[in-house]
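A.B. asks: In terms of this note's numbering, the sequence shown opens at residue 2 and continues consecutively.
Here you go, one structure.
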Amino acid sequence: MKACVLKPVIWNPDGYVGPSGLGASSGYPYDHGFGHDEWNNHPGRIWRGYRVFHAEATNSKRLFEYSQDGQLGMLMIASNQGRQWAVGVAAGVFHNDERTEMPLIAAELGLEESWRELWELPLVRRRHENDETKFREFWSGQFHWLQWKTDQALYHWFDRPFALDPMKLKGKQSLVREFGAFQPLEPGAILRLLRGRLPESKAGILRWFQQGPFDQRFHDGYPASDKSGGEGASAAPTSRQVRYWIEGERICEPLHAALQARYVNFLRSEGFEPVENVKGVDVRYRRAARTVFVEVKPTEKVLSRFAIRFAVGQLLEYRHALDEQAELEVVISSQPETPQIEFLRSLGIGLCCQHGNSFTRIL
């Protein structure tokens, strides 16, 4: 089931394409002179087909129950001059795992170099005692923070923020303000706010908020923050089966992007020059004067035998259509059972499995 929330971000008068140097009156942005969400409208924040963005999630563990399967919708809001404003919207949101995905995203987007942009801001310098060395040391543990991702078509940043009426929305004088907190909002209320404010290319956002089911227990009196984790929390949403065989379904399964990114890095460490996503083939590279076609299948949410079964069909089709001399390889994120290994061996198809942060070639 789906959940919809208001999610506070820092106010940025410069369009959220980079830090404004304005800061905030509390929280992380006050302490350090910037917020990671100030790049939320930057055109370069695209990772493997996903729009990656940030909003603090220190008190939002319950949101991860929904974002683990892309069942989360967010209307991002910011406070300025005594009013609260809608600044951006995202539907079908997934969270990025801090240990596995965030470092991959940060490395591929070159986020570490953003320290230069930040150090130009007088407020950032003051907050860090004008000590560039200490700031860079601080930034080395911070630059990877991009908490969320979604399909680019399900993300929109408003050219002009528009003011919100807390009494009409929630019957209160003010909406949630704490950066790490959230506030449930009925999908119908979000739809009323969005109508007439989105381009035709983002019509999928409206459809997402129109089509349920939505978790009514979440929207009925759910607390604005999630510090307790006690009783009364909504049940975790039902995990969706990964549908490997449907064209275009991949964008709904970010585990694929993360596994492919790690495998490409592994190939490069071995001295190969991988090429990604050409004519449907996830990865291809040259080995011993022959091309290798690779199909990547994450197996966190599906049995390895099903993943391998679908991968074999795709690989045989690629070889028939593109290069009859190509070698074939399946990459999965878990250790398969012996029958699956023997199945691939009988077909002469290679097998590579993820182990921790590296990979092992089984065949």
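Where is the CB? At the ideal position from N, CA and C, for every residue including glycine.
Since this is a predicted model, take the numbers as computed values, not measurements.
I'd like to know whether the C-beta atoms of V90 and L76 end up nearer to each other than 8 Å.
C.D. replies: Going by C-beta atoms, V90 is nearer than 8 Å to L76.
A.B. asks: Shortest alpha-carbon distance to N81 belongs to which of S68, W209, L348, A25?
C.D. replies: Nearest option by C-alpha distance: A25.
A.B. asks: Would G19 and H43 qualify as a contact pair, given that the criterion is a beta-carbon distance under 8 Å?
C.D. replies: Yes, they are a contact pair.
A.B. asks: Hey, W116 and R137 are a contact pair by Cβ (cut 8 Å); roughly how many whole angstroms apart?
C.D. replies: Going by Cβ atoms, the distance from W116 to R137 rounds to 6 Å, so yes, they are a contact pair.
A.B. asks: Can you list, in chain order, the stretches of the beta strand (DSSP E) that have 3 or more residues and sit fully within the stretch 270-321?
C.D. replies: Entirely contained in the stretch 270-321, the beta strand (DSSP E) runs reaching 3 residues are, in chain order, 276-279, 282-288, 291-298.
A.B. asks: Do G50 and Q153 have their CB atoms nearer than 8 Å?
C.D. replies: Yes; because the gap between Cβ atoms is below 8 Å, this pair is in contact.
A.B. asks: If you follow the alpha helix (DSSP H) that R161 is in, where does it begin and where does it stop?
C.D. replies: Run containing R161: none in the alpha helix (DSSP H); it sits in the beta strand (DSSP E), 156-164.
A.B. asks: In whole angstroms, what separates the C-alpha of S334 from that of A107?
C.D. replies: Answer to the nearest angstrom: the Cα atoms are 21 Å apart.
A.B. asks: Grab me the residues of R320's own chain with a C-beta within less than 7 Å of its C-beta, minus the 5 sequence neighbours each way, in chain order.
C.D. replies: F294, A327, L329, listed in sequence order.
A.B. asks: Only counting the same chain, and skipping five residues up and downstream in sequence, which positions put a Cβ closer than 8 Å to that of K135?
C.D. replies: Excluding positions up to five away in sequence, the list reads H129.
A.B. asks: Mind checking which residues open and close the alpha helix (DSSP H) that includes I32?
C.D. replies: It is worth fixing the name first, because residue 32 is Asp in this sequence and not Ile. Residues 28-33.
A.B. asks: What distance in whole Å lies between the Cβ atoms of V303 and D283, which are believed to be in contact at a cut-off of 8 Å?
C.D. replies: Not a contact, Cβ separation roughly 16 Å.
A.B. asks: Note down the Cα distance separating G181 from E39, rounded to an integer number of angstroms.
C.D. replies: Whole-angstrom Cα-Cα distance: 15 Å.
A.B. asks: Could you check what DSSP says for Q184 in three-state terms: helix, strand or coil?
C.D. replies: Reduced to three states, the DSSP call for Q184 is strand.
A.B. asks: Quick check on the DSSP output: the alpha helix (DSSP H) that includes G205 runs from which residue to which?
C.D. replies: G205 -> alpha helix (DSSP H) spans 204-211.
A.B. asks: Rounded to whole angstroms, what is the Cα-Cα separation between V184 and L317?
C.D. replies: Checking the sequence shown, residue 184 turns out to be Gln, not Val. Roughly 49 Å between the two C-alpha positions.
A.B. asks: On the criterion of 16 or more Cβ atoms from any shown chain inside 10 Å, does G34 qualify as buried, or is it exposed?
C.D. replies: G34 should be labelled buried.
A.B. asks: Identify, in the order they occur along the chain, each residue of the same chain with its Cβ nearer than 8 Å to the Cβ of V125, setting aside the five sequence neighbours on each side.
C.D. replies: Around V125: P20, G22, H33, G34, F35, L119, F136.
A.B. asks: Thinking A56 and L165 are a contact (beta carbons under 8 Å), I'd like their distance in whole angstroms, please.
C.D. replies: Incorrect: roughly 16 Å between the Cβ atoms, too far for contact.
A.B. asks: Suppose the cutoff is 6 Å on Cβ atoms and the five residues either side in sequence are ignored; what does the same chain contact list for T59 look like?
C.D. replies: G181.
A.B. asks: My guess is that F65 and W149 are in contact by the Cβ rule of under 8 Å, so how many angstroms apart are they, rounded?
C.D. replies: The Cβ separation is near 10 Å, so there is no contact.
A.B. asks: Put R251 into one of helix, strand or coil per three-state DSSP.
C.D. replies: Confidence at R251 is low in this model, with a pLDDT of 45, below 50, so its placement is unreliable and the value that follows should be read with caution. R251 falls in the helix class under three-state DSSP.
A.B. asks: Any idea what DSSP makes of W12, helix, strand or coil?
C.D. replies: W12 falls in the coil class under three-state DSSP.
A.B. asks: Taking Q315 as the reference, give the member of I350, R291, E343 with the closest Cα.
C.D. replies: Of the candidates I350, R291, E343, the one whose C-alpha sits nearest the C-alpha of Q315 is I350.
A.B. asks: Taking the alpha helix (DSSP H) that L345 belongs to, which residues open and close that run?
C.D. replies: Its alpha helix (DSSP H) spans residues 339-348.
A.B. asks: Give the range of the alpha helix (DSSP H) segment to which R127 is assigned.
C.D. replies: Taken as a continuous stretch (DSSP letters only), the alpha helix (DSSP H) holding R127 covers 123-128.
A.B. asks: Out of P188, I363, A290, L364, point me to the one whose CA is closest to D221's CA.
C.D. replies: Closest by alpha carbon: P188.
A.B. asks: Just to confirm the assignment, what range does the alpha helix (DSSP H) spanning A365 have?
C.D. replies: Nothing about residue 365 can be read from this structure; the chain reaches only from 2 to 364.
A.B. asks: So L207 packs on L194, CB below 8 Å; how close in whole Å?
C.D. replies: Incorrect: roughly 11 Å between the Cβ atoms, too far for contact.
A.B. asks: I'd like the list of long-range same chain contacts for L256, defined as Cβ closer than 6 Å, with 5 residues on each side in sequence excluded.
C.D. replies: If we look at L256 and ignore the five residues flanking it on each side, its Cβ neighbours are P299, E301.
A.B. asks: Any idea which residues DSSP pairs Q85 with across the strands?
C.D. replies: According to DSSP, which records beta bridges pairwise, Q85 is partnered with S80.
A.B. asks: Classify R161: buried if its beta carbon has 16 or more other beta carbons within 10 angstroms, exposed otherwise.
C.D. replies: Burial call: exposed.
A.B. asks: Based on Cα-Cα distance, which residue from L268, Y156, V6, W12 lies nearest to G205?
C.D. replies: The option with the nearest alpha carbon to G205 is Y156.
A.B. asks: For P275, which residues from the same chain have a beta carbon less than 6 Å from its beta carbon, with the 5 sequence-adjacent residues on both sides left out?
C.D. replies: Excluding positions up to five away in sequence, the list reads V265, L268, V284, Y286.
A.B. asks: Can you pull the DSSP bridge partners for I363?
C.D. replies: DSSP output for I363 lists no bridge partner at all.
A.B. asks: Rounded to the nearest angstrom, what separates L186 and G281 at their Cα positions?
C.D. replies: Approximately 39 Å, taken between the alpha carbons.
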